[in-house]
């Protein structure tokens, strides 16, 4: 446990020190929120809506987006450690690979949840109604699960990558599709029928719907189903990430 | 396990590493006594770093066996890891953390209790004279400071064997001298066994009690630096002269092993220069050639390397691993 804490502590120190990274990675989700939210608010009518407007519908999706990108990025950061040699320092220490992987995941998930929370707070100022305490807690639970799930996913990817060259590829062909096919920007039901199975195997879909349930009280998928599906995906990702990281060489 | 006072700190037996068809380390064997400074000397790509990686459990050997303080590197990885400290060839510090934080991270990874950890970090930072910079971010450090910090970090958990992989690579001469001083002091004061790899001849010569010359994955010679040099058996006399080419072309004697002319200089290889110098001058003077200056050079480890491998070290091509490393972005 203290090893996981040690790695987590390092992630936190680095995160808090890189002010530009905090602000920088808030930029994209925030502008998505502003552009789409305000731009489409008047135009879009959510089918079967229970009173929320498009901006409010969008907020959980954008929070999920912030958590997704930050967590995947934190996981992939292991490649930087590899390139700048720091990974050797941890790998040659008398600790298990699993502890290192879990520590890195914990650190990545925490920074991701903080980024998501910052978007959540910003959203309160632009029209998201203040949810109940319970709703907040539910939203945070789902944000945490997304964070852990995709930080582990990032580590799994990083374990298979030699250097940062593939980063753009991963971002454009893996992470963006995951985001796009998650119901973050539009209701899943409005997608063509053949795409819907894709969204249903996407763990992020359950995260978005879970956060939506917490903040707005409605969701396209029952919250308990979301919790079960996302929880199971998270466990799978940790197992896969730990397995691949164990095999990774420096 | 029977612990004996005279147990070898490191015992390597037939250690081999193959990457596909390429044999990086080819059945090397050696034994290092406790408190010794042992050098692995060889050109880039000779297999030094691969050997160190295996001994420090970062790489699985293809075959062979190695014991560190009697602990098998394959059966008890954590046991070995606790017993060794290592300074890698490439920097392995977190630049976004301070010197103290890098040390603290290391101390926590090695599960050193807080009170001891903090006392020892202070002590180690004083040892490498970085205590007044302990709260500065590592990215503000110079190359020499980083190296010293890495050495301090490698010593934090009080290892009995310290690995230094090319410890002075890329440092300026003054810093190198300084570091050598540290390394010698460490060895003397703490009795730590030190294994260092280097491709600097003078480094191996000045620091090591014993040196193994490693070439293309094999140990071709192993002895004290003095013995390695003596076994070369030839000295070098360099003469600067306007008649250099004629001297080189015409000079013969039973004890002269060869003569070459290079840029107005004659390089004569011969047996025991002290005994034959006068005779040599008599031969050259007798022909009426002018001598501007003359110098005698005893063999260096560079000559020893040439002797044992048939090749000059600096002409060595970079090995596969180094070529890869060169392609990667480097920060210094």
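Residue numbers (the working numbering), protein chains in the order written: chain D, 1 to 250; chain V, 251 to 582.
Quick reminder that beta carbons are idealized off the backbone N, C-alpha and C, glycines included.
Alpha helix (DSSP H) containing residue i: first to last residue?
{"i": "residue 281 of chain V", "result": "First-last for residue 281 of chain V: 272 to 282, but that is the beta strand (DSSP E), not the alpha helix (DSSP H)."}
{"i": "residue 330 of chain V", "result": "327 to 333"}
{"i": "residue 402 of chain V", "result": "393 to 405"}
{"i": "residue 251 of chain D", "result": "Outside the shown range of chain D (1 to 250) lies residue 251 of chain D, about which nothing can therefore be said."}
{"i": "residue 71 of chain D", "result": "54 to 76"}
{"i": "residue 512 of chain V", "result": "Segment 506 to 512 is the beta strand (DSSP E) holding residue 512 of chain V; no alpha helix (DSSP H) there."}
{"i": "residue 544 of chain V", "result": "Per DSSP, residue 544 of chain V belongs to no alpha helix (DSSP H); it is in the beta strand (DSSP E), 543 to 547."}
{"i": "residue 101 of chain D", "result": "97 to 125"}
{"i": "residue 495 of chain V", "result": "494 to 500"}
{"i": "residue 43 of chain D", "result": "Looking at the DSSP string, residue 43 of chain D is not in any alpha helix (DSSP H), and its letter there is neither H nor E."}
Since residue i is in the beta strand (DSSP E), which residue starts that stretch and which ends it?
{"i": "residue 267 of chain V", "result": "260 to 269"}
{"i": "residue 316 of chain V", "result": "313 to 318"}
{"i": "residue 472 of chain V", "result": "468 to 473"}
Identify the residues that DSSP records as bridge partners of residue i: which are they?
{"i": "residue 238 of chain D", "result": "DSSP output for residue 238 of chain D lists no bridge partner at all."}
{"i": "residue 84 of chain D", "result": "Partner(s): none; residue 84 of chain D has no beta bridge."}
{"i": "residue 288 of chain V", "result": "V:445 and V:460"}
{"i": "residue 17 of chain D", "result": "Answer is none; residue 17 of chain D lacks a bridge partner."}
{"i": "residue 520 of chain V", "result": "V:485 and V:506"}
{"i": "residue 337 of chain V", "result": "V:414"}
{"i": "residue 321 of chain V", "result": "V:318"}
{"i": "residue 465 of chain V", "result": "V:468"}
Would you tell me roughly how many angstroms separate the C-alpha atoms of residue i and residue j, rounded to the nearest one?
{"i": "residue 420 of chain V", "j": "residue 61 of chain D", "result": "50 Å"}
{"i": "residue 233 of chain D", "j": "residue 112 of chain D", "result": "17 Å"}
{"i": "residue 262 of chain V", "j": "residue 108 of chain D", "result": "41 Å"}
{"i": "residue 22 of chain D", "j": "residue 204 of chain D", "result": "22 Å"}
{"i": "residue 328 of chain V", "j": "residue 273 of chain V", "result": "27 Å"}
{"i": "residue 431 of chain V", "j": "residue 373 of chain V", "result": "18 Å"}
{"i": "residue 115 of chain D", "j": "residue 428 of chain V", "result": "46 Å"}
{"i": "residue 227 of chain D", "j": "residue 154 of chain D", "result": "21 Å"}
{"i": "residue 46 of chain D", "j": "residue 224 of chain D", "result": "23 Å"}
{"i": "residue 439 of chain V", "j": "residue 473 of chain V", "result": "24 Å"}
{"i": "residue 297 of chain V", "j": "residue 266 of chain V", "result": "10 Å"}
{"i": "residue 515 of chain V", "j": "residue 354 of chain V", "result": "57 Å"}
{"i": "residue 150 of chain D", "j": "residue 443 of chain V", "result": "44 Å"}
{"i": "residue 137 of chain D", "j": "residue 214 of chain D", "result": "7 Å"}
{"i": "residue 393 of chain V", "j": "residue 426 of chain V", "result": "11 Å"}
{"i": "residue 271 of chain V", "j": "residue 405 of chain V", "result": "37 Å"}
{"i": "residue 582 of chain V", "j": "residue 289 of chain V", "result": "Model confidence at residue 582 of chain V stands at a pLDDT of 38, short of 50, so the residue's coordinates are unreliable and nothing is read from them."}
{"i": "residue 258 of chain V", "j": "residue 556 of chain V", "result": "30 Å"}
{"i": "residue 501 of chain V", "j": "residue 487 of chain V", "result": "13 Å"}
{"i": "residue 191 of chain D", "j": "residue 156 of chain D", "result": "30 Å"}
{"i": "residue 579 of chain V", "j": "residue 495 of chain V", "result": "Confidence is the limiting factor: at residue 579 of chain V the pLDDT is only 46, short of 50, which leaves the residue's position unreliable, though a coordinate-based value still follows. For residue 579 of chain V and residue 495 of chain V, the distance between alpha carbons rounds to 46 Å."}
{"i": "residue 222 of chain D", "j": "residue 206 of chain D", "result": "9 Å"}
{"i": "residue 159 of chain D", "j": "residue 480 of chain V", "result": "50 Å"}
Taking C-beta pairs closer than 7 Å, name the residues in chain D that residue i reaches, listed in chain order.
{"i": "residue 358 of chain V", "result": "2 and 6"}
{"i": "residue 355 of chain V", "result": "6 and 10"}
{"i": "residue 351 of chain V", "result": "13"}
For residue i, return the contacting residues in chain V, with the cut-off set at a CB-CB distance below 8 Å.
{"i": "residue 144 of chain D", "result": "Near residue 144 of chain D there are no residues of chain V at all, since even the closest Cβ is about 24 Å away, more than 8 Å."}
{"i": "residue 23 of chain D", "result": "By Cβ distance, chain V contributes nothing, its closest Cβ being about 17 Å from residue 23 of chain D, past 8 Å."}
{"i": "residue 260 of chain D", "result": "It is not possible to answer for residue 260 of chain D, since the shown part of chain D is limited to 1 through 250."}
Against residue i, what residues of chain D qualify as contacts under a CB-to-CB distance less than 8 Å, listed in chain order?
{"i": "residue 347 of chain V", "result": "10, 13 and 14"}
{"i": "residue 408 of chain V", "result": "Correct list: empty, because the minimum Cβ distance to chain D is about 13 Å."}
{"i": "residue 384 of chain V", "result": "Going along chain D, no residue has its Cβ under 8 Å from residue 384 of chain V, so there is no contact; the nearest lies around 15 Å."}
{"i": "residue 368 of chain V", "result": "What residue 368 of chain V touches in chain D: nothing, since even the nearest Cβ is about 15 Å away."}
{"i": "residue 306 of chain V", "result": "92"}
Find the residues of chain V that neighbour residue i, judging by a C-beta separation of less than 9 Å, and give them in chain order.
{"i": "residue 17 of chain D", "result": "346, 347 and 387"}
Residue i touches chain D at which residues, Cβ-Cβ below 9 Å?
{"i": "residue 272 of chain V", "result": "The contacting residues do not exist; residue 272 of chain V stays about 16 Å from chain D at best."}
{"i": "residue 268 of chain V", "result": "In chain order: nothing, as chain D lies at least about 15 Å away."}
{"i": "residue 343 of chain V", "result": "84, 85, 86 and 89"}
(message) Against chain D, which members of the region 308 to 332 of chain V pass a CB distance test of less than 9 Å?
(response) The region 308 to 332 of chain V vs chain D, Cβ under 9 Å: 308, 309, 327, 328, 329, 330, 331 and 332.
(message) Against chain V, which members of the region 86 to 98 of chain D pass a CB distance test of less than 9 Å?
(response) Listed by position, the residues of the region 86 to 98 of chain D near chain V (Cβ gap below 9 Å) are 86, 87, 88, 89, 90, 91, 92, 93, 94, 95 and 96.
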